[in-house]
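Q: Please read through the structure below; I'll follow up with questions.
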DNA sequence: TGCCATATTGGGAACGTTCCCAATACAGTG
DNA sequence: CACTGTATTGGGAACGTTCCCAATATGGCA
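Rendered as structure tokens:
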């Protein structure tokens with residue numbers, strides 16, 4: 126059975142009805158079919174091992190019921206949880222979800238854009254590494270951005286409030302007496318606009334009159350490898366920072382381990398604050414003080430927004446930002462004099 | 126521009142050529158086109174913002190150049206690395222890769238099978254949670270199984286050698302003087318066949334004449350939550366095991382943390398061996414002794430096998446198993462008398 | 001110049017479904 | 001019984017591409 130070439134016509138022939146009737150049975154929005162015909166069709170489907178060709182159906186209906194969720198790092202619990210939450214919500218509405226992993230690579234991202242442009246998906250929820258808004262607008266499918274990476278107002282955006290989250294972390298370090306605070310984040314080439322994180326940092330530094338040494342802005346990949354590189358670069362600095370604010374937890378935890386390996390105890394000799402609050406942040410020693418982002422909320426909200434956008438492609442774009450929340454653990458020293 | 130309804134005919138009209146010529150330009154296998162026509166077509170494509178409809182093309186050619194990699198847990202570094210390695214290999218051959226996350230759920234897995242049956246993918250590489258081989262055979266697309274979950278010989282399989290890996294871990298514990306060894310793995314309902322891991326364990330236990338207490342076979346989910354549950358169940362046992370062999374590292378590391386929280390020091394009061402060797406296994410304290418599986422190799426081999434299978438759907442199925450390798454860290458105590 | 005081989009081009013059919021509309025069957029009502 | 005309204009059915013067109021094949025243009029050579 127299942128000779129894999131069976132189509133609606135063969136089913137119709139075996140069931141003794143027309144292809145239209147078979148279509149009414151197999152397509153979800155089927156019109157009325159008599160019980161007798163229904164039974165005959167179902168029997169024929171079973172006997173022939175018929176499977177509906179979604180490509181042909183989509184070509185005709187212009188709906189695929191498939192959504193692509195594109196993220197930069199599938200292995201990062203932050204992203205996988207966002208994706209999972211979005212998947213939950215979208216599947217409940219009858220969409221199937223597949224995930225695209227760009228692995229922080231522009232080439233891969235471009236590849237997924239091409240895939241999306243070819244009409245295979247009804248919608249996309251994506252985090253862009255390149256921040257190339259023109260490509261995204263040219264996609265031709267309803268799209269929701271996850272993460273606040275630009276000032277873009279024409280595309281729906283669901284993210285956490287980067288400025289607020291960054292200031293929360295820096296404020297915390299400042300309160301505990303740190304003055305020479307570094308930021309480790311990812312900047313893409315010199316021509317690109319500075320990341321929001323970096324701008325929030327610059328703003329904070331100038332507000333508080335902290336040293337604005339360019340050495341303190343360290344650009345590394347937001348990965349474990351980036352964390353190790355961060356520590357190598359840190360150790361080579363002429364004047365070492367008191368504290369580092371890291372762009373995500375993966376980076377921060379790798380840095381934490383690398384510091385320990387180098388004989389510096391995080392939370393005493395150097396302070397580290399992360400971003401995201403992934404499960405590992407609670408499991409490392411010392412625990413990582415970090416800013417929690419509402420992952421499930423983010424994923425669910427992105428899905429919700431995408432559903433609305435797919436219903437009404439002409440709707441006004443929205444911008445939804447969720448605040449972060451500081452989670453205190455052990456990776457920040459308290460340098461206040463009155464505590465000593 | 127990009128009114129999103131532009132098709133090959135409009136491009137042809139603007140360029141002053143026939144649709145056939147446009148097709149020759151946009152489809153990869155295009156025949157010969159004069160430089161003049163090529164230029165005219167490209168200009169028209171650009172002006173109209175034309176994007177080729179992959180659905181229509183696939184319907185005609187019966188090729189989608191899209192592959193689905195289905196895994197049970199996208200957030201587990203083991204699976205995400207396997208997926209990434211497969212993606213690397215497949216993209217090099219011109220296929221695009223999307224990932225399906227089943228989250229250990231049978232319902233989700235069934236949903237992806239349905240998706241696959243509808244002809245959207247040229248091939249699938251998947252790890253089945255249910256082990257429902259009949260569904261997989263009925264998929265109608267070239268399929269490679271990742272992971273050795275059954276005796277199935279009709280489907281290409283790429284996996285690690287579960288029996289060898291399990292025995293390696295148990296042997297290691299045995300050598301170090303452990304005799305009451307528990308196994309924590311995931312069994313699905315009583316009617317299902319026992320997992321390979323479990324069978325290898327039973328075999329080892331009977332070979333060495335170790336206690337075959339059914340209490341020692343603990344079935345939990347292979348997740349962090351499962352690790353915490355494992356420790357709760359462990360603490361309630363009348364006669365506590367010396368050592369636990371855990372089905373994967375996620376489980377093992379969560380258990381390790383839970384033991385510490387309960388006041389038992391892993392590597393002294395209780396011994397733990399994991400499986401996979403994910404990065405976190407080296408970062409936890411104590412380090413997790415575990416069996417390393419060759420992730421990249423597994424993913425690349427699965428991709429390779431799938432490529433061959435897509436080339437020749439009638440080829441003989443193969444079964445490729447890679448051995449594991451013991452990585453010694455600090456989570457196992459040495460109970461040998463001669464050492465004391 | 002005439003002829004042949006090759007390069008280029010265009011039109012119709014096909015991929016497998018759903019949509020539209022007209023045709024027929026059926027049941028209920030006066 | 002005739003009539004009307006609804007339920008069910010079937011056939012043709014359409015979705016947007018590629019494939020096949022025949023037609024035409026082009027260039028080289030005798």
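Protein chains in written order, with my numbering: chain W, 126 to 465; chain F, 126 to 465.
Yeah, the Cβ is synthetic: ideal placement off N, Cα and C, and Gly gets one too.
Are the segment 191 to 208 of chain F and the segment 144 to 152 of chain W touching, with three or more C-beta to C-beta distances below 8 Å?
A: With the cut-off at 8 Å, the segment 191 to 208 of chain F and the segment 144 to 152 of chain W do not touch.
Q: For the segment 278 to 317 of chain W, list the alpha helix (DSSP H) runs that are entirely contained and at least 4 residues long, ordered along the chain.
A: Those alpha helix (DSSP H) runs which fall completely within the segment 278 to 317 of chain W and span 4+ residues are 287 to 300.
Q: On a Cα-Cα basis, can you pick out the residue from W:247, W:142, W:166 that is closest to residue 435 of chain W?
A: Considering only alpha carbons, the answer is W:247.
Q: Relative to chain W, which residues along the segment 222 to 245 of chain F have a C-beta separation below 7 Å, given in chain order?
A: Going along the segment 222 to 245 of chain F in chain order, one finds 223, 224, 225, 226, 228, 236, 240, 242, 243, 244, 245 with a Cβ nearer than 7 Å to chain W.
Q: Count the C-beta pairs between the segment 298 to 314 of chain F and the segment 355 to 374 of chain F that are closer than 8 Å, then say yes if the count reaches three, no if not.
A: Counting Cβ pairs under 8 Å, three or more are found: they touch.
Q: From F:377, F:162, F:366, F:139, pick the residue whose C-alpha is nearest to that of residue 113 of chain F; which is it?
A: In the structure as shown, chain F starts at 126 and stops at 465, and residue 113 of chain F therefore has no counterpart that could be examined.
Q: To the nearest angstrom, report how far apart residue 217 of chain W and residue 403 of chain W are at their CA atoms.
A: Each residue's Cα considered, the two are about 26 Å apart.
Q: For a contact meaning CB atoms closer than 7 Å, what does residue 178 of chain F contact in chain W?
A: Residues of chain W passing the Cβ test: 243, 244.
Q: Helix, strand or coil for residue 450 of chain W, going by three-state DSSP, please let me know.
A: Reduced to three states, the DSSP call for residue 450 of chain W is strand.
Q: Taking the alpha carbon of residue 451 of chain F as the point to measure from, which residue in F:356, F:441, F:212, F:296 has its own alpha carbon closest?
A: The residue with the shortest Cα to Cα distance from residue 451 of chain F is F:296.
Q: For a quick check, are the C-beta atoms of residue 483 of chain F and residue 244 of chain W less than 8 Å apart?
A: The question about residue 483 of chain F has no answer here: the residues shown for chain F are numbered 126 through 465.
Q: Please return the same chain residues whose Cβ sits closer than 6 Å to the Cβ of residue 527 of chain F, not counting the five positions on each side in sequence.
A: A question about residue 527 of chain F goes unanswered here, because the residues of chain F that appear run from 126 up to 465.
Q: For the segment 400 to 434 of chain F, list every residue whose C-beta sits within 8 Å of some C-beta in chain W, in sequence order.
A: Listed by position along the chain: 404, 405, 408, 409, 410.
Q: When you compare each of F:214, F:280, F:220, F:258 to residue 235 of chain F by their alpha carbons, which one comes out closest?
A: If we check each option's Cα against that of residue 235 of chain F, F:258 comes out closest.
Q: Which first and last residues belong to the alpha helix (DSSP H) in which residue 131 of chain W is found?
A: Unbroken run through residue 131 of chain W: none, as it is neither H nor E.
Q: Roughly how many angstroms lie between the CA atoms of residue 132 of chain W and residue 184 of chain F, to the nearest whole one?
A: Taking the straight line from one Cα to the other gives about 13 Å.
Q: With a threshold of 8 Å between beta carbons, is residue 184 of chain F in contact with chain W?
A: For residue 184 of chain F, the answer is yes, since a Cβ of chain W falls inside 8 Å of its Cβ.
Q: How about the segment 300 to 308 of chain F and the segment 326 to 340 of chain F: do they share at least three Cβ pairs that are nearer than 8 Å?
A: Yes, the segment 300 to 308 of chain F touches the segment 326 to 340 of chain F.
Q: Taking C-alpha atoms, which residue in F:449, F:442, F:457, F:458 lies nearest to residue 269 of chain F?
A: Comparing Cα-Cα distances from residue 269 of chain F to each of F:449, F:442, F:457, F:458, the minimum goes to F:442.
Q: Using a Cβ-Cβ cut-off of 8 Å (strictly less than) and excluding sequence neighbours within five positions of residue 362 of chain W, which residues of its own chain qualify?
A: The residues are 340.
Q: Could you tell me the distance, in whole angstroms, from the CA atom of residue 414 of chain W to the CA atom of residue 346 of chain W?
A: Their Cα atoms are separated by approximately 20 Å.
Q: Would you call the CB atoms of residue 424 of chain W and residue 241 of chain W closer than 8 Å?
A: Against a cut-off of 8 Å, the Cβ pair of residue 241 of chain W and residue 424 of chain W comes out as no contact.
Q: Between residue 437 of chain F and residue 301 of chain F, how many whole angstroms is the CB-CB distance? I'm expecting something under 8 Å.
A: About 48 Å separates the two Cβ atoms, so there is no contact after all.
Q: Here's the rule: buried if 16 or more other CB atoms are within 10 angstroms of the residue's CB, otherwise exposed. What is residue 273 of chain F?
A: So residue 273 of chain F ends up on the buried side.
Q: Let me know if residue 365 of chain W comes out buried or exposed under the rule of 16 or more other beta-carbons within 10 Å of its beta-carbon.
A: Result: exposed.
Q: My output table needs one value for residue 74 of chain W: the three-state DSSP class, helix, strand or coil.
A: Any answer about residue 74 of chain W is impossible in this case: the structure gives chain W only from 126 up to 465.
Q: For residue 181 of chain F and chain W, any beta-carbon pair shorter than 8 Å?
A: Chain W contact via Cβ: present.
Q: Look at the alpha carbon of residue 316 of chain W and the alpha carbon of residue 381 of chain F, and state the distance between them as a whole number of angstroms.
A: Note that residue 316 of chain W scores a pLDDT of 40, beneath 50, so its modelled location is shaky and nothing firm can be said.
Q: Just checking: is the beta-carbon of residue 382 of chain W within a distance shorter than 8 Å of some beta-carbon in chain F?
A: Output row for residue 382 of chain W: interface = yes.
Q: Please classify residue 448 of chain F as buried or exposed, where buried requires at least 16 other C-beta atoms within 10 Å of its C-beta.
A: Residue 448 of chain F comes out exposed.
Q: Considering only residues of the same chain and omitting the five flanking positions on each side of residue 89 of chain F, which have a CB-CB separation below 8 Å?
A: In the structure displayed, chain F extends from 126 to 465; residue 89 of chain F sits before or after that span and is not available.
Q: Quick one: using the 10 Å Cβ neighbour count with 16 as the cut-off for buried, is residue 439 of chain W buried or exposed?
A: The residue in question, residue 439 of chain W, is exposed, as its Cβ has fewer than 16 Cβ neighbours within 10 Å.
Q: Tell me which residues share the same chain as residue 255 of chain F and place their Cβ nearer than 7 Å to its Cβ, disregarding the 5 neighbours each side in the sequence.
A: Only 231, 234 meet the Cβ criterion.
Q: Looking at chain F, is there any beta carbon in it that lies within less than 8 Å of the beta carbon of residue 132 of chain W?
A: Closer than 8 Å: no.
Q: Can you give the Cα-Cα distance for residue 285 of chain W and residue 426 of chain W, rounded to whole angstroms?
A: Straight-line Cα distance between these residues: approximately 11 Å.
Q: Identify, in the order they occur along the chain, each residue of the same chain with its Cβ nearer than 6 Å to the Cβ of residue 277 of chain F, setting aside the five sequence neighbours on each side.
A: Contacts found: 258.
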